[in-house]
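Report on the following structure.
Protein chains in written order, with this note's numbering: chain A, 53 to 308; chain B, 38 to 241.
What follows is the structure in structure tokens.
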């Protein structure tokens with residue numbers, strides 16, 4: 053039986069790991085390689101690492117860092133940040149990641165997604181959609197939440213699927229870092245728009261939030277940053293992740 | 038010595054790290070000379086079928102690989118698209134496969150999926166090995182592996198099918214035909230289960 057994926061998301065900023073609140077106020081949470089080693093021990097389902105500086109600074113991914121992370125990771129790794137060309141997709145696969153995430157460049161032109169899917173296979177092409185709620189709909193943002201696009205989320209997700217995306221990650225900027233739960237309405241809207249694997253990010257604050265997501269959507273990706281790097285009301289930095297028996301019990305409750 | 042074929046695709050270093058930690062001699066082979074010294078060969082893979090075949094052809098290692106596997110009968114294991122390359126052909130591309138096993142690689146029929154998620158098959162799934170398969174020693178119960186694919190390996194002879202997985206129905210997720218083995222999932226990214234499988238391969 054295919055299981056839901058519970059995915060820690062790590063943000064790389066100035067070479068360290070940071071966690072944001074609503075895409076702002078970055079707080080240092082540790083060293084990337086060290087975090088990967090801890091997540092190995094905790095047997096996480098997969099890991100997503102996003103370089104939040106690369107696109108804004110208009111630079112290439114840090115291939116050395118990605119290679120080091122990928123070779124240390126004993127679980128699949130998805131890398132995002134600064135990708136604008138098919139050659140970059142290929143190079144990232146060559147340094148050892150299983151999946152490459154693209155966001156701003158895909159919103160600008162989905163041809164990149166089509167070309168990348170032809171070259172590396174669509175299973176490795178992830179489209180990340182950062183959104184803010186605007187009344188009854190959600191607006192797609194790029195460049196780490198700093199640029200408002202003219203796209204609405206569901207239409208864009210449908211087009212991304214047709215273009216060749218192998219996975220959709222929908223990220224609520226409004227809920228980022230607040231730890232008050234996922235935006236389930238957003239998840240519903242996006243779920244109805246695609247049959248690709250869907251991963252929901254933004255807002256998880258308790259394991260019960262993940263259970264709620266899995267209960268409603270069945271097999272799904274539940275991604276979180278703060279939940280897996282902070283502990284307690286004062287947001288003390290402590291990498292954590294449910295044990296295998298806790299995870300199995302959580303998903304079993306969600307199915308019952 | 039285990040040789041990992043480094044043709045610019047797949048997580049070569051993660052596999053190398055696992056063998057190093059197990060204390061099993063391993064080397065990354067990026068040319069024919071170093072590949073010819075390996076007595077067990079891992080053919081990793083992430084990517085589309087034609088790209089993978091093209092990279093292998095361009096690597097200068099294909100002739101040595103074929104000699105070691107087909108003439109010298111070295112055990113070989115293909116991972117993910119590396120497994121698919123063992124077949125004759127794939128729905129995903131136009132290139133011919135290695136053809137070491139009489140098999141086709143086919144696209145899953147979307148009509149088999151009744152849930153909200155169809156393809157790719159992505160995530161941790163249960164693997165059921167046939168009993169007595171040495172590649173799955175110690176992995177008979179509750180073994181979980183990470184899958185990431187839209188195409189599956191369909192061997193002409195069911196005898197080659199050594200483990201199954203269920204995604205909208207059963208499919209073959211591991212094969213063995215003499216010294217030629219393949220797994221659709223990623224053992225190098227499947228924690229303790231994958232480490233055990235890679236260790237088993239080293240002991241075959």
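A virtual CB, placed ideally from N, CA and C, is assigned to each residue, including glycine. Since this is a predicted model, take the numbers as computed values, not measurements.
Can you pull the chain B residues whose beta carbon is under 8 angstroms from the beta carbon of residue 176(A), in chain order? As a first step, residue 176(A) is located in the first chain; it is residue number 124 there, counting from the start. Those are 83, 84 and 185, listed as they occur along chain B.
Which full runs of the beta strand (DSSP E) of 3+ residues lie inside the region 229–298 of chain A, going along the chain? Taking only runs of at least 3 residues, the beta strand (DSSP E) segments lying wholly in the region 229–298 of chain A are 250–253 and 273–276.
Mind checking which residues open and close the alpha helix (DSSP H) that includes residue 102(B)? Working through the second chain from its first residue, we reach residue 102(B) at position 65. Counting along the chain, the alpha helix (DSSP H) containing residue 102(B) begins and ends at 99–103.
Proximal residues to residue 72(A) (C-beta, below 7 angstroms), its chain only, five neighbours per side dropped: By 1-based counting over the first chain, the position of residue 72(A) is 20. Here residue 72(A) has 63, 78, 228 and 229 as same chain residues with Cβ atoms under 7 angstroms from its own Cβ, once five neighbours each way along the sequence are excluded.
Among 41(B), 109(B) and 194(B), which one has its Cα closest to the Cα of residue 55(B)? Your numbering for residue 55(B) matches position 18 in the second chain. For the set 41(B), 109(B) and 194(B), the Cα lying nearest the Cα of residue 55(B) is the one of 41(B).
Return the CA-CA distance between residue 151(B) and residue 198(B), expressed in angstroms with no decimal places. Position 114 of the second chain holds residue 151(B). Position 161 of the second chain holds residue 198(B). Note on geometry: alpha-carbon atoms of residue 151(B) and residue 198(B) lie some 26 angstroms from one another.
Would residue 271(A) count as contacting chain B if we go by Cβ distances under 9 angstroms? By one-based count along the first chain, residue 271(A) stands at place 219. True, the Cβ-Cβ gap to chain B drops below 9 angstroms.
Suppose contacts are defined by Cβ-Cβ distances below 9 angstroms. Is residue 223(B) in contact with residue 93(A) by that definition? The residue labelled residue 223(B) in the question sits at position 186 within the second chain. The residue labelled residue 93(A) in the question sits at position 41 within the first chain. No; because the gap between Cβ atoms is not below 9 angstroms, this pair is not in contact.
Residue-level contact to chain B via CB, residue 149(A), 9 angstroms cutoff: One-based indexing of the first chain puts residue 149(A) at position 97. Look at residue 149(A): its C-beta is under 9 angstroms from a C-beta on chain B.
DSSP beta-bridge partners for residue 182(B)? Looking up residue 182(B) in the second chain gives position 145. Within the DSSP bridge table, the entry for residue 182(B) names 162(B) as partners.
When the Cα of residue 216(B) is compared with those of 113(B), 99(B) and 74(B), which residue comes out closest? Sequence index remark: in the second chain, residue 216(B) carries index 179 (1-based). Comparing Cα-Cα distances from residue 216(B) to each of 113(B), 99(B) and 74(B), the minimum goes to 113(B).
Show which residues of chain B have a CB atom less than 7 angstroms away from the CB atom of residue 247(A). Residue 247(A) sits at position 195 when you count from the first residue of the first chain. Here the neighbours are 153, 154 and 155.
Take residue 214(B) and list the residues in its own chain whose beta-carbon comes closer than 6 angstroms to its own, dropping the five residues that flank it on each side. The residue labelled residue 214(B) in the question sits at position 177 within the second chain. Excluding residues up to 5 positions away in sequence, 138 and 197 lie with their Cβ nearer than 6 angstroms to the Cβ of residue 214(B) in the same chain.
Give the range of the beta strand (DSSP E) segment to which residue 58(A) is assigned. Counted from its first residue, the first chain places residue 58(A) at position 6. Membership of residue 58(A) in the beta strand (DSSP E) is indicated by the continuous run 57–65.
For residue 57(B), count neighbouring C-beta atoms within 10 Å of its own C-beta (all shown protein chains included) and say buried if the count is 16 or more, exposed if not. Position 20 of the second chain, counting from 1, holds the residue named residue 57(B). Burial call: exposed.
Taking 9 angstroms as the CB-CB limit, is residue 128(A) close to chain B? Along the first chain, one-based indexing puts residue 128(A) at 76. Output row for residue 128(A): interface = yes.
Any beta carbon from chain B within less than 9 angstroms of residue 140(A)'s own beta carbon? The residue you call residue 140(A) lines up with position 88 of the first chain. It does not: the Cβ of residue 140(A) has no partner Cβ on chain B nearer than 9 angstroms.
What's the C-alpha gap between residue 44(B) and residue 81(B)? If you number the second chain from 1, residue 44(B) lands on position 7. If you number the second chain from 1, residue 81(B) lands on position 44. Cα to Cα, the separation comes out at about 9 angstroms.
Along chain B, in chain order, which residues have C-beta atoms closer than 9 angstroms to that of residue 88(A)? Taking the first residue of the first chain as 1, we reach residue 88(A) at position 36. Result: empty, since nearest Cβ-Cβ is about 11 angstroms, beyond 9 angstroms.
Take residue 110(B) and list the residues in its own chain whose beta-carbon comes closer than 8 angstroms to its own, dropping the five residues that flank it on each side. The residue labelled residue 110(B) in the question sits at position 73 within the second chain. Closer than 8 angstroms at Cβ, skipping near neighbours: 215 and 216.
If I follow the unbroken beta strand (DSSP E) through residue 199(B), where does it start and stop? The residue labelled residue 199(B) in the question sits at position 162 within the second chain. Bounds of the beta strand (DSSP E) holding residue 199(B) are 198–203.
Between which two residues does the beta strand (DSSP E) holding residue 151(A) run? Your numbering for residue 151(A) matches position 99 in the first chain. Its beta strand (DSSP E) spans residues 151–154.
State the beta-bridge partners of residue 218(B) as determined by DSSP. Translated into positions along the second chain, residue 218(B) becomes position 181. The partner list for residue 218(B) (beta bridge, DSSP) reads 114(B) and 213(B).
Classification of residue 189(A) by the beta-carbon crowding that lies within 10 angstroms, buried from 16 upward: Working through the first chain from its first residue, we reach residue 189(A) at position 137. Around the beta-carbon of residue 189(A), fewer than 16 other beta-carbon atoms lie within 10 Å, marking it exposed.
Applying a beta-carbon distance threshold of less than 8 angstroms, which residues of chain B neighbour residue 53(A)? Your numbering for residue 53(A) matches position 1 in the first chain. By Cβ distance, chain B contributes 162, 163 and 203.
Straight-line gap, residue 34(A) to residue 162(B) (C-alpha atoms, nearest Å): A question about residue 34(A) goes unanswered here, because the residues of chain A that appear run from 53 up to 308.
Please state the DSSP three-state secondary structure of residue 160(A). To locate residue 160(A), count along the first chain from 1; it is residue 108. Note: residue 160(A) maps to helix in three-state DSSP.
What three-state label does DSSP hand residue 116(A) in the structure shown? What you label residue 116(A) is simply residue 64 of the first chain in a count that begins at 1. Helix at residue 116(A).
Which parts of the region 134–159 of chain B are runs of the beta strand (DSSP E), unbroken and 3 residues or longer, counting only runs that do not cross its ends? Those beta strand (DSSP E) runs which fall completely within the region 134–159 of chain B and span 3+ residues are 140–144.
Simplified DSSP state of residue 61(B), which is helix, strand or coil: Mapped onto the second chain, residue 61(B) falls at position 24. Residue 61(B) carries a coil assignment under DSSP once its states are collapsed to helix, strand and coil.
Per-residue burial, residue 235(A) [other beta carbons within 10 Å of its own, 16 or more giving buried]: Sequence index remark: in the first chain, residue 235(A) carries index 183 (1-based). Buried, because 16 or more other Cβ atoms sit within 10 Å of the Cβ of residue 235(A).
Just verifying my parser: in three-state terms, what is the DSSP assignment at residue 223(A)? Start at 1 with the first residue of the first chain, and residue 223(A) comes out as number 171. DSSP, reduced to helix, strand and coil, places residue 223(A) within a strand of the structure shown.
Contact criterion: CB-CB distance below 9 angstroms. Does residue 177(B) meet it with respect to chain A? The residue labelled residue 177(B) in the question sits at position 140 within the second chain. For residue 177(B), no Cβ of chain A is located within less than 9 angstroms of the residue's own Cβ.
Please confirm if residue 214(B) has its CB atom under 9 angstroms from at least one CB of chain A. Locating residue 214(B) in the second chain gives position 177, counting from the first residue. Not closer than 9 angstroms to any Cβ of chain A, the Cβ of residue 214(B) fails to qualify, so no.
Take the Cβ of residue 200(A) as the centre, count every other Cβ of all protein chains shown within 10 Å, and call the residue buried at 16 or more, exposed below. Counting from 1 along the first chain, the entry for residue 200(A) is found at position 148. Looking at its Cβ environment, which holds fewer than 16 other Cβ atoms inside 10 Å, residue 200(A) is exposed.
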